[in-house]
Amino acid sequence: MKKLFSWLAAVLLLPGLAWSQNFGQNKVQYQSKDWQYLQSEHFDIYFYRGGEHAATFTAAVAESALVSLSRTFQFQLIARIPFLVYNSHNDFEETNVTSGIQPESVGGFTEFFKGRIVIPYEGSNEQFRHVIHHELLHAVLLQYFYGAGAGAVIRGITRFQIPLWLNEGLGEYESQHWDSNADNMIRDAVLNDYLPSLLQLEYMAYQGGQSFYYWVERRYGRAKITELLQELRSTRNVNAAFLRALGEDLEVVSEQWQKTLKQWYWPEIERRQAPTDFANAFTDHRKTSNYINNSPSLSPDGSRLVYLTDRSGLFDIRLINAITGQDMGKLVSGQKQSGIEELKWLRPGISWAPDNNRIVFAAKSGWQDVLHVVDVHRRKMIRTYKPGFEGIWNPSWSPDGKYIAFTGMKETRGDLYLLNVETEEVKQITKDAFSDFEPTWSPDGRWIAFSSDRGDPDAAHETSIWEHNYSNSDIYLIRPDGTGLQRVTSLASTEIAPEFYHNSDSLLYLSDRNGISNVYLKVLSTGEEQPLTDLLVGIQQMSIANSGQRLAFTSFYRGGYDIYLWRNPLSNLGKYATLEVTDALKYRDLPLDSLDSPQMASMSNEQTQGRPYQNFAFDRDFTRGIVNNGTAIHDDVEAPPPDNLQSDGSFTVRSYKPSFSVDYVGGVTGYDPFFGLQGLGQVYLSDLTGNHQIGIGAYLNRSIANSDFALSYAFQGWRPSIYFAFGQQVNFYLSNLQGDFDLFGSIERFRFINFIGGVSYPFSRFDRIDFSAAYLYTIQDNLTYIDVPSLKSSAAVFSLELTRDNTRWGYYGPDDNRRSSISASFSPGIGSIPREFATVQADFRNYKALSRQWGLAWRTAGGASFGKKPQRFILGGIPNWLNREFARGLGSSDINDLTFSEFIYPVRGTNYYEQIGTRYFIMNAEIRFPFIQFLLLQAPIPLFFQQVRGAVFLDAGSTWENSKDFRLFTRNAAGEKILDDVLAGFGYGIRFYSPIGLLRIDAAWNTDLQNFTKPRYLFSLGTDF
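Numbers given in the numbering used here equal positions in the sequence shown, counted from 1, plus 1470.
Set out below in structure tokens:
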């Protein structure tokens, strides 16, 4: 039988044979990247063609951020930190630093083992600054707590893991301090009573953790944050650190934090309005169990509204009757096809044509973003524009229907563009380093209003963009031909989302000048402006009908984003002269020397003695987009080469050359009574980009002949990824070679030596084709009878597989859409004792989400093998079966066949090796449902379960050799119709995450339609089909 560890190392290191069907979506390298790098004082910035501007921006911002972080941590950097900068989020999704596809919601990440920071530029200078600072915090935090290098990080994490809310919250606090968005979300959580305690803050880790650090600053002074971090580093225990730094344990601090937040926010209820106080909610995320409903767009006549929503689990566009509020169903299904891989929900925009029937929206399609036009009446996509931009946002249809204005990004520059809908000609409106978003047309078509970080348009911008205050967004006007640039707002707050009201002289926009994003109206000819709302929670987007009688908006309220319709918005004219500013805004605008908290001021000299942080001053300029060119604390980081700067002050750009370093090293040792000392070791290496990957693994078992080992190399920098692998897998079996007199059998050792090469070519995120060629060499030795000669054989196998997978992944596996695979493999009979065969297989799987919790899954698969020595299909049992049972023993010929055999499952209620044949079919069906949401047991031992899922299943399958002899049904002695060559099982089970992985527990019955076996209880690991 197989050893306990089996071929674990090879599974991790060697790509599977092509006939072993592997599903999953694809990371497509649409264009190969010629990586280069520049070096600042502490950072190595890697980029590729078109990305030098973003790389220089990164260097400037990162060095300035390090000044702030050094003050917080009082820490000297140990090693240089590498940044990988991608020109767009579309390119970022292709990164090979991690194995998964980065979703739209991920704006960057810090990879732990090598400390790499991987970030995309997404058109906004302020957002890019925020991400650089946030991710740099994580990289510095890794060195601060664990040291530098993969080994140090792994050892450190095994000793102490920083809670997510302390980690991510600090990233937000350091990069944003306390912004109106975080204030808005925490205010909503407090007023609607869903703010968790610090002990349960993981699902609100970002803004929740940010609010904790903000609270510490206001209660104790900012120096206390440094002290808390020092204690965390020293004690490696959260509760102990809180006791030493804050004088109370985590539970008490949590109560104090929550009490203070209530004191801050509860008075707001009397002063301001909730969205439902004056507008009708057209969506309710609580009823539909989703989180995002945004990007509302009213038709010009105000009769219909379209919006983005994730109520299906993926982002779709839905239609609402704006008169009655009736949901009119789905218009566009997103994220299921290559033309609509993403729907830009983080910076959304849907616009109606003046005919009240067509809409336009931006979507990711391969390497670029495109504009899709949908006929709303026919619910059909009628045109797609592909202007060749790495990013497209906020399309806006002109009043005459001839043009679409949009924000487009090329080579890390986001500008306004104009698309001629007939000729598809694209004209650039703005051309500079500033971030321009949200274009909207005046009713007469003469002007385009937009939001931008450009500041005073009349001032000379001779400084670099990173020396400009790009955190401040204002409203501007420009003519469609690019002339007549005018600034509409000139405030220190954020002004966004312009919308012309009824005529070309009145402009609505959103402003957070009082700390909450409210609607303002400005008359352009007179400059008069006034607020129209005074909200408890802010507005994120809005849309107004031509008549001005209906205004739709998005607001984050009661823990999610919803769409509201406000009728007669101008009824509020004159209601508010000014809006009272929030408590947070009052605190933010205090002079720095007045921010010493009473708690810190009242501390005795004894209490503060030996604490070097009491005079700490927070640098506000940085979070307002102003780079600080101060010097960080002295460190021992390797200095850049002396020629890292050119004579004009620009960075020297060098070509990147791959060099390998260790990602992971691991190993265990053990002792086996039969084979003696054993050991499992694994080493993973890659270059900085992750394009080149090497794996080395060995399971040492007394001698090379008894040991598993593997060596693999993969290159993933091109659209077709390639891999090569070499390895040996050794299995031991009890075999019956000596006839009936051999009661105990003999031990057979099978050595499978594999040489494999393959190419995988993705057509899109959902479709790919795989080709592999393998040479397999088998040595069979009898370890019990040494006089039995060894048997050797070899064969070459070629395989081709076409795979499609657009499934949505749920909590325990795929839960919506489809997967399919069609494959063919053949062996031409090359080698000694040739194995000549040809095999075809097909596997079709469907998943239907009935709701966010309930779903159906069904699968049909089959295959056949032909030739002189065809492959065998072994039917029965379930994958990763812990308490497995076998239907029968194996003879030598059976074991030899295992080299080319494939296990077919699940057929729950049956054993392994129930049937073996050269043809097969299998069908599976399941109903999947929620079983236990939360369960806490106190006795006999404390156990906690959550998200336990249930399933009711039916399985059936068969294998056979000769189709003429196959019988689906027969009759028993009583003349009743029963299954003949078909195995069938049914039952129910539960699935939940356990310390050893995803555990499945099933009760299964085997049946022939008339008789039923006793239930069998099965324990296994992994996801269902």
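Cβ atoms here follow ideal geometry from the backbone N, Cα and C, with glycine treated the same way.
Asked                                                                                                                                                                                          : Found
When we look at the beta-carbon of Lys-1992 and count the other beta-carbons within 10 Å, is it buried (16 or more) or exposed?                                                                : buried
Output the boundary residues of the alpha helix (DSSP H) element that contains Lys-1729.                                                                                                       : 1720-1735
Would you kindly work out how many angstroms separate the C-alpha atoms of Ser-1569 and Tyr-1516, rounded to a whole number?                                                                   : 19 angstroms
If we ignore side chains and look at the alpha-carbon of each, how far apart do Asn-1654 and Arg-2378 end up?                                                                                  : 51 angstroms
Between the alpha carbons of Ala-1535 and His-1647, how many angstroms are there, rounded?                                                                                                     : 13 angstroms
At the level of alpha carbons, what is the spacing between Ala-1618 and Gln-1546?                                                                                                              : 12 angstroms
Could you tell me if Tyr-1664 is buried or exposed, where buried requires 16 or more neighbouring beta carbons within 10 angstroms of its beta carbon?                                         : exposed
Out of Gln-2019, Phe-2196 and Thr-1542, which has the shortest C-alpha to C-alpha gap to Leu-1698?                                                                                             : Thr-1542
For Ala-2087, does the three-state DSSP call read helix, strand or coil?                                                                                                                       : Because Ala-2087 carries a pLDDT of 30, less than 50, the predicted location of this residue cannot be relied on, and the following value inherits that uncertainty. Looking at Ala-2087 - three-state DSSP - the assignment turns out to be coil, as it is neither helix nor strand.
I need the DSSP call for Ser-2335, collapsed to helix, strand or coil.                                                                                                                         : strand
Can Ala-2334 and Gly-2346 be called in contact, C-beta distance under 8 angstroms?                                                                                                             : no
Between the C-alpha atoms of Leu-1813 and Leu-2479, what's the straight-line distance to the nearest angstrom?                                                                                 : 49 angstroms
The alpha helix (DSSP H) with His-1972 in it runs from where to where?                                                                                                                         : His-1972 -> no alpha helix (DSSP H), and no H or E assigned at all.
Using the C-alpha atoms, what's the distance from Gln-1499 back to Ile-1945?                                                                                                                   : 38 angstroms
Judging by CA-CA distance, which residue of Tyr-1507, Leu-1886, Asp-2494 and Phe-2336 is the nearest neighbour of Arg-1556?                                                                    : The sequence shown places Tyr at residue 1556, not Arg. Ranking Tyr-1507, Leu-1886, Asp-2494 and Phe-2336 by Cα distance to Tyr-1556 puts Tyr-1507 first.
Is the region 2039-2057 touching the region 1774-1789 in the sense that three or more CB pairs, one from each, lie closer than 8 angstroms?                                                    : no
Report the three-state DSSP secondary structure of Ser-1773 (helix, strand or coil).                                                                                                           : coil
Taking DSSP as the reference, what is the three-state secondary structure of Gly-1954?                                                                                                         : coil
Give a yes or no on whether the C-beta atoms belonging to Trp-1635 and Ala-1675 are separated by under 8 angstroms.                                                                            : yes
Within a Cβ cutoff of 6 angstroms, which residues of the same chain sit near Ser-2290, ignoring the five residues on either side of it in sequence?                                            : Arg-2274 and Phe-2314
Could you name the residues of the same chain whose beta carbon sits closer than 6 angstroms to that of Ala-1652, not counting the 5 residues immediately before and after it, in chain order? : Gln-1677 and Gln-1680
Quick one: measure Cβ to Cβ for Gln-1784 and Lys-1806, integer angstroms, because I've assumed they're closer than 8 angstroms.                                                                : According to the sequence displayed, residue 1784 carries Leu and not Gln. Between Lys-1806 and Leu-1784 the Cβ distance is about 7 angstroms, and since that is below 8 angstroms, they are a contact.
Following the continuous alpha helix (DSSP H) through Ile-1602, name the residue where it begins and the one where it ends.                                                                    : 1595-1616
Going by the CB atoms, is the gap between Ala-1751 and Tyr-2034 shorter than 8 angstroms?                                                                                                      : yes
Using the rule of at least 16 other Cβ atoms within 10 Å of the residue's Cβ for burial, across every protein chain shown, is Ser-2017 buried or exposed?                                      : exposed
Assuming Ala-1535 is part of the alpha helix (DSSP H), what are its boundary residues?                                                                                                         : 1522-1543
Examine the Cβ distances between the region 2187-2202 and the region 2223-2230 and report whether three or more of them are shorter than 8 angstroms.                                          : yes
Could you spell out the range, first to last residue, of the alpha helix (DSSP H) harbouring Val-1623?                                                                                         : 1620-1629
Is Ser-2490 helix, strand or coil when you go by DSSP?                                                                                                                                         : strand
Output the distance between the C-alpha atoms of Leu-1478 and Phe-2343, rounded to the nearest integer angstrom.                                                                               : Low per-residue confidence applies at Leu-1478: pLDDT is 36, beneath 50, and the placement is therefore not dependable enough to give any value.
Between the alpha carbons of Lys-1834 and Thr-1794, how many angstroms are there, rounded?                                                                                                     : 33 angstroms
Tell me the rounded alpha-carbon separation between Gly-2160 and Ser-1943.                                                                                                                     : 37 angstroms
Quick check: the Cα distance between Phe-2222 and Ile-2174, rounded to an integer number of angstroms?                                                                                         : 13 angstroms
How do the region 2459-2468 and the region 2314-2327 stand: do at least 3 beta-carbon pairs fall below 8 angstroms, yes or no?                                                                 : no
Which residue marks the beginning of the beta strand (DSSP E) containing Phe-2370, and which one marks its end?                                                                                : Neither: Phe-2370 is in no beta strand (DSSP E) and is coded neither H nor E.
Where are the alpha helix (DSSP H) runs, 4 residues long or more, that stay fully inside the region 2254-2330, in chain order?                                                                 : none
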